[in-house]
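> My questions will all concern the structure given below.
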Amino acid sequence: MRRAFSLRLRFLHHPIGTTVAPLHPSDCVWMAIFCIFIFFCFVPCALAQRTITLDSAIAFSYEHSPLLRASGLNIEEAHLAAREAALNPYPGLRYNLGASYAPQSQNFGYDPTITNEGQLNAQLTMQATIYNGGAFGLRKQQAALDISHAQSGLSLTREDLRFDVTQSFLDDLRARMSITIERETVQELQTYRDLVDRLFHGGTSAYTDLLKTDVQLGEEKISLHKAEADEVQARFALAALFGTPTDTSFSVQGAFDSVFSGDAFKMGSYDSLVMLTISIAENELQRAKLDVELARAQAKPTLDANVDAGLLTSMENITAPPGERFPFWGVSAGISLQGPIFDWGLNKTQVEEKEAIVEILQSQLNEQKRELAAQITQILILLRSAQTRLAEVRANLIKARDSYDLERAQYAVGGALASEVLDAQKQVHDERTSELQILSDMESYRSQLRHLTAAPPPNTSGNANSDNTNTNTNSKDQK
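Here the sequence shown is numbered in this note's numbering, starting from 464 and rising by one per residue.
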């Protein structure tokens, strides 16, 4: 090895453009050994798969999912809209510049008492709405509800992603466990086949026994290949949720034990359910109620005030002799009151339309609560049923193993048929597969239960007075 390293250094330090002496045959041998050493040391490290758990899979999907990025932007947009609603009541300062010229003569031109030959103005104007039926305060409440809705939407997106990743992870984990069962079954049948082959060549077993064993062994090998294909498919589905559909260089690691280690869920009245989906529906209902109040506010009068200061004069005043000119600079203030008198019932129709939307949303919310309660109850029943079936399957599995060991021992001494041994082994395989399926179903039920009962994020509620609006104590918000 020292010679190989010296060869490498020799080539690295050789000047470029000079002639290199041919290698000695022994040098070629050392070079080949060095390359083989590098290959076997570093290639297995590069091809090694990383192992991921369910928590790391969910964290990885949270980090790389584009859906969460979009939901985060929705929250930012809602905060900006709330700031806009908070700034609307404050008066704004504007500038107003203008000039007009209206020439006049004896036979052409506008009435000079009206136009004064034109006008010139340069003013700063400030206008504010003193009262508008409480529309400002209602819009601030809606903006607060929009923030809660966006935050709940982000939580729902995260929960949907967590649920999808969990389901795909469980599918991949179940496929890997199924591969383990099929491999162990193939190994058991192969061992039993070797026994039958020895007995056949010893003249104590029939050839049909060997054929039956070969057939069942071939079927189990086919099942093993199918389980491996299912695992590859599940791994690709999980990689797609990670945002890296072509990178499947990982293997899942875990166990179906959260059903036994987690706390049991207790079902209450559906009227008291405060879940993430229910919170979003209540938020939409509260916003619709505020739409009704905004429609009613349109029938109330609007009181505006304005103040301006600057230059305002006419062309006639500018062209007048200096001694006859009036001052250019000044200030003015005014107030205006506007309100509807008769609109052919338009506002009443708008209010009734908004109230109908509120009734529809309220009905949908009640139906959603009943459906959610029914789904949770159904999953709890399925979970209890699966626990009962799991206990029965595990008891049968112990009996099936004892039966298989007994039938195999009796067959070795000629006290049982090969078909009886194969049937006993098939029972063991079926019970193990049933146990794995029940455990997978229980984990899936647990994941669905968590998905349906996901709580809303903190500091979010369907109440219009949530967050920091305090609309009942701020008189300016009632304008």
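The beta carbon of each residue, even a glycine, is placed where N, CA and C say it ideally should be. Nothing here was measured: the structure is a model prediction, and the numbers come from that model.
When the Cα of residue 783 is compared with those of 607, 674, 580, which residue comes out closest?
If you number the sequence shown from 1, residue 783 lands on position 320. Nearest option by C-alpha distance: 580.
> According to DSSP, is residue 560 helix, strand or coil?
Numbered from 1 along the sequence shown, position 97 holds the residue referred to as residue 560. If DSSP states are grouped into helix, strand and coil, residue 560 belongs with the strands.
> Closest to residue 591 by C-alpha separation, out of 704, 857, 556, 802, would be which residue?
Taking the first residue of the sequence shown as position 1, residue 591 is located at position 128. For residue 591, the nearest C-alpha among the options comes from 556.
> Indicate whether the contact test is met: 3 or more Cβ pairs, each with one atom in the stretch 607-620 and one in the stretch 742-753, closer than 8 Å.
Flag = yes, the stretch 607-620 and the stretch 742-753 touch.
> Could you check if residue 854 is buried or exposed, using at least 16 other CB atoms within 10 Å of its CB as the buried criterion?
Reading the sequence shown from its first residue, position 391 is the one you call residue 854. Per the 10 Å Cβ criterion, exposed.
> Does the beta-carbon of residue 716 have 16 or more other beta-carbons within 10 angstroms, so that it is buried, or is it exposed?
Start at 1 with the first residue of the sequence shown, and residue 716 comes out as number 253. Under this definition residue 716 is an exposed residue.
> Tell me, please, whether the stretch 685-702 touches the stretch 635-648 by the rule of three or more beta-carbon pairs shorter than 8 Å.
A contact exists between the stretch 685-702 and the stretch 635-648.
> Distance check for residue 704 and residue 627, CA to CA, integer angstroms please.
Start at 1 with the first residue of the sequence shown, and residue 627 comes out as number 164. Start at 1 with the first residue of the sequence shown, and residue 704 comes out as number 241. If you take the alpha carbons of residue 627 and residue 704, they lie about 8 Å apart.
> Under three-state DSSP, which class holds residue 553?
Here the question's residue 553 lines up with position 90 in the sequence shown. The answer is coil: DSSP assigns residue 553 none of H, G, I, E or B.
> Could you give the first and the last residue of the continuous beta strand (DSSP E) run that contains residue 597?
Here residue 597 refers to the residue found at position 134 of the sequence shown. Unbroken run through residue 597: none, as it is neither H nor E.
> Leaving out five residues before and five after residue 549 in sequence, what residues of the same chain have Cβ atoms less than 8 Å from its Cβ?
For the purposes of this step, residue 549 is taken as the residue at position 86 of the sequence shown. If we look at residue 549 and ignore the five residues flanking it on each side, its Cβ neighbours are 603, 606.
> Compute the distance between the beta-carbons of residue 817 and residue 772, then report whether it is under 8 Å.
Locating residue 817 in the sequence shown gives position 354, counting from the first residue. Locating residue 772 in the sequence shown gives position 309, counting from the first residue. Taking 8 Å as the Cβ cut-off, residue 817 and residue 772 do not qualify as a contacting pair.
> For the beta strand (DSSP E) that contains residue 854, what are its first and last residues?
The residue you call residue 854 lines up with position 391 of the sequence shown. It is not in any beta strand (DSSP E) - residue 854 instead sits in the alpha helix (DSSP H) that spans 809-875.
> How many Å lie between residue 848 and residue 899 at the Cα?
The residue labelled residue 848 in the question sits at position 385 within the sequence shown. The residue labelled residue 899 in the question sits at position 436 within the sequence shown. C-alpha separation (whole angstroms): 15 Å.
> Which residues share a DSSP beta bridge with residue 605?
Here residue 605 refers to the residue found at position 142 when the sequence shown is read from its first residue. The partner list for residue 605 (beta bridge, DSSP) is empty, contrary to what the question assumes.
> For residue 523 and residue 712, what's the separation of their Cα atoms in angstroms?
By one-based count along the sequence shown, residue 523 stands at place 60. By one-based count along the sequence shown, residue 712 stands at place 249. So the two alpha carbons sit approximately 14 Å from each other.
> How should residue 910 be labelled, buried or exposed, when 16 other C-beta atoms within 10 angstroms of its C-beta is the threshold for buried?
Numbered from its first residue, the sequence shown carries residue 910 at position 447. Classification for residue 910: buried.
> Leaving aside the five residues before and after residue 802 along the sequence, list all residues of the same chain whose C-beta is less than 6 Å from its C-beta, in chain order.
Along the sequence shown, one-based indexing puts residue 802 at 339. So the qualifying residues of the chain are 764.
> Nearest-angstrom Cα distance between residue 597 and residue 697?
The sequence position of residue 597 within the sequence shown is 134, counting from 1. The sequence position of residue 697 within the sequence shown is 234, counting from 1. Their backbone Cα atoms lie some 56 Å apart in a straight line.
> Residues bridged to residue 589 by DSSP?
For this step, residue 589 is matched to residue 126 along the sequence shown. Note: residue 589 sits in a beta bridge opposite 556, 770.
> State yes or no: is the beta carbon of residue 802 nearer than 8 Å to at least one beta carbon in chain B?
Reference to chain B is not applicable here, since this structure consists of a single protein chain.
> So the candidates are 623, 707, 513, 608; which of them puts its Cα closest to the Cα of residue 527?
For the purposes of this step, residue 527 is taken as the residue at position 64 of the sequence shown. Of the listed residues, the one whose Cα sits closest to residue 527 is 707.
> Keeping to the same chain, check which residues put their C-beta closer than 6 Å to that of residue 769; ignore five residues upstream and five downstream.
Looking up residue 769 in the sequence shown gives position 306. So the qualifying residues of the chain are 590, 797.
> Between which two residues does the beta strand (DSSP E) carrying residue 800 extend?
The residue you call residue 800 lines up with position 337 of the sequence shown. 792-801 is the extent of the beta strand (DSSP E) around residue 800.
> Name the DSSP bridge partner or partners of residue 715?
As a working mapping, residue 715 is identified with position 252 in the sequence shown. According to DSSP, which records beta bridges pairwise, residue 715 is partnered with 515.
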